[in-house]
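*Asks:*
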Amino acid sequence: MMIWVPLSLYVFYLPYKILLTNEGRAGVFYALSLLTFVFFFMWCIADFADANGFVQVKKYYDASKGGAGTFGLFTSILNLAISVLTVINVYMYYKSS
Numbered sequence: 010m011m012i013w014v015p016l017s018l019y020v021f022y023l024p025y026k027i028l029l030t031n032e033g034r035a036g037v038f039y040a041l042s043l044l045t046f047v048f049f050f051m052w053c054i055a056d057f058a059d060a061n062g063f064v065q066v067k068k069y070y071d072a073s074k075g076g077a078g079t080f081g082l083f084t085s086i087l088n089l090a091i092s093v094l095t096v097i098n099v100y101m102y103y104k105s106s
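First residue of the sequence shown: 10, per our numbering; consecutive thereafter.
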C-alpha cells in the first residue's frame, strides 16, 4: 500500500508536464487519474486489516484498539484526500487545456 502513495504523486505531476512541454498524452493522464481515484477511494472505506479504511477503523475502536484505530484514521483520511485531489486535478487540467 505504501508504494502507491509516492506513485500517486506522478498523477499530480503529469498534467503540468503535458501542458508545459507538450510531452505525453492526455488520455494516459485521464486513465491514470481514474485508476488512482478508484484505488484510493476503495482503500479509504475498505473492511480488511491491511487497508485501514473507515469501516476497519470503527472495528478497531469498538475492540478498544485505540492506537490501531488512530493510525487507520490518518491512513483513511490520507487516502480520501488523494482521491479527492485527483478529481480536482483532472478538473483543473481539463479547464486549462
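A virtual CB, placed ideally from N, CA and C, is assigned to each residue, including glycine.
(1) If you drop the 5 nearest sequence neighbours on each side, which residues of the same chain put their C-beta closer than 8 Å to that of PHE49?
(2) Measure from the alpha carbon of ILE97 to the alpha carbon of each residue in THR84, TYR39, VAL66 and LYS26, then state which is nearest.
(3) Quick one: Cα of ILE54 to Cα of SER105, how far?
(4) Using 10 angstroms around the beta-carbon of GLN46, count the other beta-carbons present and answer buried if the total reaches 16, otherwise exposed.
(5) Which term fits TYR69, buried or exposed, when burial requires 16 or more other beta carbons within 10 angstroms of its beta carbon?
*Replies:* In brief:
(1) TRP13, SER17, ASN88, LEU89, ILE91, SER92 and THR95
(2) TYR39
(3) 32 Å
(4) According to the sequence displayed, residue 46 carries Phe and not Gln. Flag for PHE46 reads buried.
(5) buried
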